[in-house]
Amino acid sequence: MTLPHALPHLGAVAGDYDILLCDVWGVIHNGRESWATPCEALMRFNREGGHVVLISNSPRPASDVIAQLDGLGVPREAWKAFVTSGDATRAELAKRAPGPAWIVGPERDAPLYAGLGLDRAAGAEDAAFISVTGPVDDTTETPEDYRERFAVGAARDLELICANPDRVVQRGDKLIYCGGALADLYESLGGRVVMAGKPYAPIYDLAIKEAQTLLGRPVDRSRVLCIGDGVVTDIMGANAQALDCLFIAQGIHGDQARGEDGTLDPARASDLLKAETTYARYAALELAW
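Each step along the sequence shown adds one to the number in the numbering used here, with nothing skipped, and position 263 is 263.
Rendered as structure tokens:
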């Protein structure tokens, strides 16, 4: 497997692509503030005639996350469409209404369930299925806090619908657990897991549909570039869809793809990708024009 091509400047290949499917957390912000250089790169791509579709594993619908992006200082000019794991997951939840569902996650994720007519169960003992967006308190809880309760659901053969396949995200300088880490635990206990976000097909189907609307014609998939920092989500998903991808090394994998001088080390990036049987056409420390 060849090394990813070091790509310090997106502008060098921008003419090869009509569409960017760009991850959000870890690429254009860190949960506390946006990063000017990646945002400017996306704005430039849009100005040059391309179309940026943000594709996020946020468990909330895109319409609810936009205000968060605004608050972090992500310019509206940096994107033209936005799809989330929450958007893709709502269809799965609707199939299972009225439940009842044991809902696990923080109150901020409540918009995921709006209008679906789901009844709520107090726990796995009286639920028809489990819906997870992440830990109830992601500042203190770990997956282990859910082991005993999840074992009850797995023993009852309940499906767990995970609205955020990310295992961790970076919030400032700290890594916090997400829904994917809870889903991994549930699966290890013998439970059944359903996911619609990256790296799975439903969220890409939504993103390509948005891209087609922007283009006004069918999407040439050879002219789509995926951008992300998550190997088992962004890169694995792009590989499964046979789409070119750019791996961003400054995100959740931190120093694993950097040399001693702090710059991108393509060989280390390749080793990181190969460990998960994935491949990226390009790699960069950060997204820049």
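Here a beta-carbon is modelled for each residue, glycine too, at the ideal position from N, C-alpha and C.
Identify every run of the beta strand (DSSP E) within the stretch 83–150, keeping only runs that are complete inside it and at least 3 residues long; order them along the chain.
101–104, 129–132
Inter-residue spacing [alpha-carbon to alpha-carbon] between Thr277 and Ser270:
10 Å
Nearest to Glu33 by CA position, among Leu72, Ala249, Lys209, Thr139, is which residue?
Leu72
Are Ala151 and Asp18 close, meaning C-beta to C-beta below 9 Å?
no
Neighbourhood of Leu11 by C-beta distance below 6 Å, restricted to the same chain and skipping five residues each side
Checking the sequence, you will find Gly at residue 11 rather than Leu. Around Gly11: Trp289.
What is the residue span of the alpha helix (DSSP H) that Arg167 lies within?
Judged by DSSP secondary structure, Arg167 falls outside any alpha helix (DSSP H); it is assigned neither H nor E.
Determine the DSSP secondary structure at Glu260, reduced to helix, strand or coil.
Look at Glu260 here: in three-state DSSP terms it is coil, with no helix or strand label.
Tyr204 lies in the alpha helix (DSSP H); which residues open and close that run?
201–215
Does DSSP classify Ile28 as helix, strand or coil?
Looking at Ile28 - three-state DSSP - the assignment turns out to be coil, as it is neither helix nor strand.
Is Ile248 helix, strand or coil by DSSP?
strand
I believe Gly117 touches Ala88 by the beta-carbon criterion, under 8 Å. Please report the beta-carbon distance rounded to the nearest angstrom.
Actually they do not touch by this definition, with Cβ atoms about 19 Å apart.
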